[in-house]
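S.K.: Per my numbering: the sequence shown = residues 144 to 352. The beta-carbon is built from N, C-alpha and C at its ideal position, and this holds for glycine as well. Quick caveat, the model's predicted, so the values are computed rather than measured. To start, I am sharing the structure in question, which I have written as structure tokens.
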Amino acid sequence: MTGQLIFLDTAKELKHLRNSDPKMGKLIDLIGDYTLSLRTDFYRSLIRTIIGQQLSFKAARTIWGRLERELGEVSPEHVLVIPDEKLRSIGLSRQKITYAKHLSDMVLNGEIDLDTMNNLSDEEVMGSLIKVKGIGRWSAEMFMIFSLGRLDILSVDDVGLKRAIQWLYELSEQPNKERMQKIGEAWQPYRTIASLYLWEVVNKDLLKS
Numbered sequence: 144m145t146g147q148l149i150f151l152d153t154a155k156e157l158k159h160l161r162n163s164d165p166k167m168g169k170l171i172d173l174i175g176d177y178t179l180s181l182r183t184d185f186y187r188s189l190i191r192t193i194i195g196q197q198l199s200f201k202a203a204r205t206i207w208g209r210l211e212r213e214l215g216e217v218s219p220e221h222v223l224v225i226p227d228e229k230l231r232s233i234g235l236s237r238q239k240i241t242y243a244k245h246l247s248d249m250v251l252n253g254e255i256d257l258d259t260m261n262n263l264s265d266e267e268v269m270g271s272l273i274k275v276k277g278i279g280r281w282s283a284e285m286f287m288i289f290s291l292g293r294l295d296i297l298s299v300d301d302v303g304l305k306r307a308i309q310w311l312y313e314l315s316e317q318p319n320k321e322r323m324q325k326i327g328e329a330w331q332p333y334r335t336i337a338s339l340y341l342w343e344v345v346n347k348d349l350l351k352s
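Structure below.
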């Protein structure tokens with residue numbers, strides 16, 4: 144897996160989405176070409192996901208920056224030895240400290256082998272990651288999208304996707320999981336790509352238009 148996923152206007156994946164779902168096609172035309180830079184340091188990616196849970200992007204980025212400055216290198220060895228009080232002082236909750244140290248311990252003792260993640264199926268990745276305290280289905284799905292670059296992931300619990308789908312399909316309310324799965328059937332096997340374009344609805348503040 145390379146460090147980027149690039150979807151130009153003529154890409155076969157975008158052609159499939161346009162042909163299978165006209166509304167998604169209009170969204171793709173509105174957003175244009177899309178490039179996703181993958182987070183290829185898997186450990187750092189998972190720690191950032193833990194930090195960012197239930198926080199705004201700005202708050203999560205601030206705490207991550209403090210952690211990098213404090214540790215120099217964000218590694219399982221460094222996370223395990225830093226005192227909890229120091230992590231609390233840079234903004235991590237006690238719960239997230241527990242999660243971060245549990246992940247670090249599992250990586251170091253070999254319970255999770257991040258080096259093999261690219262070779263695992265989606266189901267195997269999910270099964271491995273949810274063993275870690277604080278990493279549930281949503282966090283594992285974000286890892287598969289933004290680190291592994293898996294192309295057919297649809298996170299039915301993601302609030303941003305719910306808001307964007309409601310906007311794009313002019314629904315009276317945010318869709319439930321079953322409605323999202325039904326809508327997403329047309330996007331297979333590229334539900335990740337559809338999701339990336341839907342997230343741009345939120346990122347570009349199109350919900351107000």
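(1) Helix, strand or coil for Leu179? Go by DSSP, reduced to three states.
(2) Per DSSP, which residues does Gln147 bridge with? Please list them.
(3) Compute the distance between the beta-carbons of Leu291 and Met323, then report whether it is under 9 Å.
(4) Candidates Asp227, Gln147 and Asp164: which alpha carbon is nearest Tyr333's?
(5) Does the Cβ of Thr153 have 16 or more other Cβ atoms within 10 Å, making it buried, or fewer, making it exposed?
(6) In three-state DSSP terms, what is Pro332?
(7) Please list the terminal residues of the continuous alpha helix (DSSP H) segment that includes Ala283.
(8) Can you say whether Pro318 is buried or exposed, counting buried as having 16 or more other CB atoms within 10 angstroms of its CB?
(9) Count the other C-beta atoms from every protein chain shown that fall within 10 angstroms of the C-beta of Gly215, then say buried if there are 16 or more, exposed otherwise.
(10) Note down, in chain order, each residue of its chain lying with its Cβ closer than 6 Å to the Cβ of Ile308, except the 5 sequence neighbours on either side.
(11) Do three or more CB pairs link the region 171-180 to the region 269-280 at distances below 8 Å?
(12) Could you tell me the boundaries of the alpha helix (DSSP H) in which Ser199 lies?
(13) To which residues of the same chain is Ser282 closer than 8 Å at the C-beta, ignoring the five residues directly before and after it?
(14) Given 8 Å as the limit, is there contact between the region 229-237 and the region 262-270, that is, 3 or more CB pairs closer than that?
(15) For Pro226, count the other beta carbons within 10 Å of its own beta carbon; 16 or more makes it buried, fewer makes it exposed. Which is it?
(16) Please work out which residues of its chain come closer than 7 Å, Cβ to Cβ, to Glu284, disregarding the five sequence neighbours upstream and downstream, and give them in chain order.
(17) Could you pull out every residue in the same chain whose Cβ sits closer than 8 Å to the Cβ of Met249, ignoring the five residues on either side in sequence?
(18) Exposed or buried, Phe200, counting other C-beta atoms within 10 Å across all chains shown (16 or more means buried)?
(19) Spatial neighbours of Leu314 within its chain, please: C-beta separation below 6 Å, excluding the five flanking residues on both sides.
(20) Excluding the five sequence neighbours on either side, which residues of its own chain have a C-beta within less than 8 Å of the C-beta of Leu341, listed in chain order?
M.R.: Once the coordinates are examined:
(1) strand
(2) Ser180
(3) no
(4) Asp164
(5) exposed
(6) coil
(7) Arg280 to Phe289
(8) buried
(9) exposed
(10) Pro318
(11) no
(12) Unbroken run through Ser199: none, as it is neither H nor E.
(13) Leu189, Thr192, Ile193, Gln196 and Leu272
(14) no
(15) exposed
(16) Ile296 and Ser298
(17) Ile255, Lys274 and Val275
(18) exposed
(19) none
(20) Leu170, Gly303, Leu304, Ala307, Ile308 and Leu311
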